[in-house]
Ligand code: GAL
């Protein structure tokens, strides 16, 4: 029996665009319409979670979960510049009230990749004004929802956004350019810090208790050939840019190379109360002259290892390594995402057990982990891959919209109920 600390949060995570359906006013809607998603799929009605959130939270409560992470869709809340939608604000208050009624601690993400169309049309993260727009939106959310939200993520996986939107071009705006990446990274760091301070301003004024952090993607990165100096260099470069740069900037206030020449920004320093860790997999990386767009580094799938439906290696030990690495920042940590897309639910059950064992090991070794949010509650729209990857504890019938909890849901629910994992 591996017993988790009292008060440990057990939840699942979703994001607005992936589950709500009909997010017609954002950049992804247009990206899908232009045929950029695999098999030209579109998110469409998704899981109709916009209308079925009560039912989904009832399912989550039945599974004995006590927390839920979801995102607010900026394009619903502010459909045109400077104009906030009362009905959308009302909707998300209903969502939050429902979570409280279902005895769930809500964790809100304010930006989970999608941007309102009007922001995208004005250049998205390439327009300096986004710092003003984003802060205004965040402040509004903090004012309207602050009494109901103990845990905020300013944003989800800023480096993944940067990677997919401006390095691979798989996501909107799909412009591949090194010159664009640098100012966008700097702006994402500043936007996070401004959001952090805006939420705290509002909650102090109203005597609300809120903790603010962000969810970062952390891929365990190792050299393809540990004996090759070039591969070791490539792996350490990837790790320092994709895993560490954002974290170090927030910790020290120093925005490292290549974003700036170690510029110090006092507003950025210490702008977090917790760290959200999204962990999925490990990457073996080698030096490659053929990949200048990826800083001359190339990731290669390790043959003979267990993979998920999308070919990502299943590597539970990496969760332990990531947690131990993040512990150096001396902040509470939530695992804000961890999960697997697979058509074999038995593989998901095994994945959950093996990852939770690593999480437990990290806690035993002194890492302050406060909760675990499995990705995801229900199968949903997996960005450029469409609907084929199944990450859910429950399947969703796209026609009837009925939810079908899998055996892994039952297993995860048992773990949450007992606050312990039986090996
Ligand atoms: C994360 C992302 C989620 C979801 C998940 C599974 O990187 O935050 O939105 O797509 O990956 O791939």
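In my numbering, the protein residues as written are 234 to 656.
For every residue, glycine included, the Cβ atom is placed at its ideal position computed from N, Cα and C.
- Contact check for residue 451 and residue 510: beta-carbon distance about 6 Å, within the 8 Å limit, so the pair qualifies.
- Residue 597 is classed as exposed because its beta carbon has fewer than 16 other beta carbons within 10 Å across all chains shown.
- Residue 389 has its CB nearer than 7 Å to a heavy atom of ligand 1.
- Sequence-distant partners of residue 318 (beyond 5 residues in either direction) whose C-beta falls short of 8 Å from its own C-beta, in its chain, are 309, 310, 311, 312.
- With a cutoff of 7 Å, residue 248 counts as near ligand 1, since its C-beta is closer than that to a heavy atom of the ligand.
- If you draw a straight line from the Cα of residue 377 to the Cα of residue 323, it is about 9 Å long.
- By the CB criterion at 8 Å, residue 414 and residue 395 fall inside the cutoff.
- The secondary-structure analysis by DSSP pairs residue 340 across a beta bridge with 302, 384.
- Set against 7 Å, the gap from the CB of residue 345 to the closest heavy atom of ligand 1 is smaller.
- Between residue 508 and residue 449, the gap from beta carbon to beta carbon is short of 8 Å.
- Scanning the stretch 560-618 for uninterrupted beta strand (DSSP E) segments of 3 residues or longer gives 566-570, 602-607, listed from N- to C-terminal end.
- Of the other Cβ atoms in all chains shown, fewer than 16 fall within 10 Å of the Cβ of residue 361; this residue is therefore exposed.
- Linking residue 612 to residue 301 through their CA atoms gives a straight-line distance of about 16 Å.
- With 16 or more other Cβ atoms from the protein chains shown falling within 10 Å of its own Cβ, residue 298 counts as buried.
- The three-state reading of DSSP puts residue 656 in coil, since its state is none of H, G, I, E or B.
- Residue 368 carries a helical assignment under DSSP once its states are collapsed to helix, strand and coil.
- According to the DSSP secondary-structure assignment, residue 313 is paired through a beta bridge with 316.
- Linking residue 359 to residue 412 through their CA atoms gives a straight-line distance of about 11 Å.
- Between the alpha carbons of residue 438 and residue 367 lies a gap of roughly 20 Å.
- The bridge partners DSSP lists for residue 638 are 627.
- Relative to ligand 1, residue 541 has its C-beta separated by 7 Å or more from all heavy atoms.
- One Cα belongs to residue 577, the other to residue 453, and the distance between them is close to 24 Å.
- The beta carbon of residue 419 is closer than 7 Å to those of 488, 492, 493 in its chain, skipping five residues each way along the sequence.
- Under DSSP, the beta-bridge partners assigned to residue 520 are 530.
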